[in-house]
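Note sheet for the following structure.
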Amino acid sequence: MNKKQKQENTEELEKLKQDFANLENQLKRAVADYHNLERRVSEGRSQLTSFAANNLIVNILPVMDHLEKAVEGVSEEERNSGWFKGVEMSVKQLQQVLKDEGLEQI
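Be aware that the sequence shown starts at 2, since it is given in my numbering, and climbs by one per residue.
Okay, structure coming up:
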């Protein structure tokens, strides 16, 4: 092997090393981008779930108000009936669910 070939081989080796380093950096960036995308998607799902839950609660509140008013307006005679006790139990359970979600009655 002559000097010129040795020089060319050395230059080619250096170029390959540099290409490898560049590809390695590109791979690291791609992996980091992928992990960032996964994190953003996960955060987006959490926000969407939270928004949906909040929206559901907002829609349930007027129904809850009507049920509470209906329970308050029942006569003493009807309070002993089975249907009333079932409705009353459902209202209490719904109140507890809302309380567990952080809502408190004012």
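Cβ coordinates follow ideal geometry from the N, Cα and C atoms, glycine included.
*Note the first and the last residue of the continuous alpha helix (DSSP H) segment covering Leu-1.*
The question about residue 1 has no answer here: the residues shown for the chain are numbered 2 through 107.
*Please say whether Val-72 and Val-98 have beta carbons closer to each other than 8 Å?*
In this structure, Val-72 does not lie closer than 8 Å to Val-98 by Cβ.
*Would you tell me roughly how many angstroms separate the C-alpha atoms of Leu-62 and Ser-43, rounded to the nearest one?*
Cα to Cα, the separation comes out at about 29 Å.
*What number of angstroms, rounded off, separates the C-alpha of Val-64 from the C-alpha of Asn-37?*
Distance between the alpha carbons of Val-64 and Asn-37 is about 41 Å.
*asked:* Rounded to whole angstroms, what is the Cα-Cα separation between Glu-79 and Lys-86?
replied: Distance between the alpha carbons of Glu-79 and Lys-86 is about 9 Å.
_Contact belief for Leu-68 with Val-92 at Cβ below 8 Å, rounded distance in angstroms_ = With a Cβ gap of about 5 Å, Leu-68 and Val-92 count as contacting.
_Whole angstroms are fine: how far does the CA of Arg-40 sit from the CA of Lys-7?_
Answer to the nearest angstrom: the Cα atoms are 49 Å apart.
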